[in-house]
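*Asks:*
In this note's numbering, the protein residues as written are 353 to 825.
1) Between residue 738 and residue 766, is the Cβ-Cβ spacing less than 9 Å?
2) Hey, could you find the ends of the beta strand (DSSP E) residue 768 is sitting in?
3) May I ask you to report which of helix, strand or coil DSSP gives residue 374?
4) Could you check the C-alpha separation between residue 452 and residue 436 for me, to the nearest Å?
5) Whose C-alpha, out of 384, 380, 373 and 379, is nearest the C-alpha of residue 626?
6) Got a sec, what are the start and stop residues for the alpha helix (DSSP H) residue 801 sits in?
7) Using only the alpha-carbon positions, how far apart do residue 672 and residue 682 sit?
8) Quick one, which of 676, 506, 791 and 518 has its alpha-carbon nearest residue 723's?
9) Which two residues bound the contiguous beta strand (DSSP E) that contains residue 760?
10) Please return the same chain residues whose Cβ sits closer than 6 Å to the Cβ of residue 808, not counting the five positions on each side in sequence.
11) Would you decide whether residue 794 is buried or exposed? Buried here means 16 or more other CB atoms lie within 10 Å of its CB.
12) Please report how far the alpha carbon of residue 806 lies from the alpha carbon of residue 761, in whole angstroms.
13) State the Cα-Cα distance for the pair residue 379 and residue 772, rounded to the nearest angstrom.
14) Whole angstroms are fine: how far does the CA of residue 431 sit from the CA of residue 489?
15) Could you check which residue in 469, 442 and 474 has the C-alpha nearest to that of residue 454?
16) Should residue 529 go down as buried or exposed, given a rule of 16 or more other Cβ atoms within 10 Å for buried?
17) What do you reckon, are the CB atoms on residue 501 and residue 462 nearer than 9 Å?
18) Could you tell me if residue 356 is buried or exposed, where buried requires 16 or more neighbouring beta carbons within 10 angstroms of its beta carbon?
19) What are the boundary residues of the beta strand (DSSP E) that includes residue 622?
20) Less than 9 Å between the C-beta atoms of residue 557 and residue 600, yes or no?
21) Look up residue 322 in the DSSP assignment and give the residues it is bridged to.
22) Among the residues of its own chain, which have a CB less than 8 Å from the CB of residue 740, if the five just before and after it don't count?
23) Do you know offhand how far residue 321's Cα is from residue 426's?
24) Check the C-beta distance from residue 604 over to residue 573 and give it rounded, since I have them as a contact under 8 Å.
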């Protein structure tokens, strides 16, 4: 299963391994199997397109797999009497190793992995082991039960944990919250192997070895009440994963993985060979993560003023020259390829077409007036996966000379600028270089004085022209 996590890019160890057309492709599926060091890649049609063999120096076999939005694949590997979680990039490089002492080799279903935005969880033997991202030696047991086989983080920050005969909800520190009963099939679980939860429908899917007249079952349950809503037979069903389309992918100890609808109707297969542990590289959602107002301060370089995406707008205190020119840079979760920007509030216009580079979009503005709130709305921004961002407005308060960004230009700003005269322009004082010349001098002080008394809270009756701003008049 794949849950959100924090970026981890620490220790780098190069892997020299068999590597055949293996890559991380959003929408592709990845599997592993007991007694094997192979990770197999399938395209969205279920056809094998690549494989990767982990060197024996890093582990005896690969078990559970999970992707994170940092583009790393987290894999549990068996190591003698213990295990390790390897954070792999698509080049076959280990970015971090998290060693554990649990003997996950003891059961073929051990070693499933789950992630949230703080922790890594590994199920094995009678324990659930938790690691803190970026702290390789932080492994600690937070839950004990009879044969712990799987875990699934919940939207509320808790976890569902499956042992052989019980499913519990716990906090991420291990505090017990409740048990989820099985209401149906004699009201008892029998040899659970995996779980997957859909928060959109509050549905819990469970695989179990079962018992006489009820062997090898996939269960669909109400996660609140435990009521069994439907069940189907799939020999030795084990690991489960809800893919991007909402289908349930189920691995097996002896069978080719199968796709099911959420009503447990089989709708396809993954490849043509038995695989036990399954996951998908989900397409990261396209989101705007940050915005800045950027200016180049002569030879001192470019400096950015953050523009918060919510709450009070950031304050741009620098001049725009005779024509009121400014540049805004927007950063997204994914690489972006096209889109538009329009001034939808305040005085100013977009100059030319936006420039796209990797996950950034640069918008040039001209004719921007002072003492106003300027709003630029992004529309039709499209990423490399053809996802389109909803129309998104970003606002900035334009107030020349407000070097401390409090919404008013006064003696404090003048004093702060005077205090930096003659100093090199750095990331800590660049706001006092209000004309962005790369030098803090008497000209900057004069500009701030010329705008003293102006406020974004109570602006002048009309916005001042950029030409006046540039000369300090």
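Even glycine gets a Cβ: it sits at the ideal position worked out from N, Cα and C.
*Replies:* For this structure:
1) Their beta carbons are not under 9 Å apart, which means residue 738 does not touch residue 766 by this criterion.
2) Note, residue 768: premise wrong, no beta strand (DSSP E); alpha helix (DSSP H) at 763-770.
3) coil
4) 5 Å
5) 384
6) 794-802
7) Taking the straight line joining both Cα atoms gives about 19 Å.
8) Closest by C-alpha distance to residue 723, out of 676, 506, 791 and 518, is 676.
9) Element bounds for residue 760: n/a, residue is neither H nor E.
10) 749, 751 and 759
11) exposed
12) In this structure, the alpha-carbon of residue 806 lies about 6 Å from that of residue 761.
13) Cα to Cα, residue 379 sits roughly 53 Å from residue 772.
14) 15 Å
15) 474
16) exposed
17) yes
18) Bear in mind that a pLDDT of 34 at residue 356, under 50, signals an unreliable position, so the model cannot answer this.
19) Counting along the chain, residue 622 falls outside any beta strand (DSSP E), and DSSP gives it neither H nor E.
20) yes
21) Shown here, the chain extends from 353 to 825; a query on residue 322 therefore has no answer.
22) Cβ neighbours of residue 740 beyond the five flanking positions: 638, 732, 733 and 734.
23) Here the chain comprises residues numbered 353 to 825, so residue 321 is not present and cannot be evaluated.
24) Cβ-Cβ separation between residue 604 and residue 573: approximately 20 Å, too far for a contact (criterion under 8 Å).
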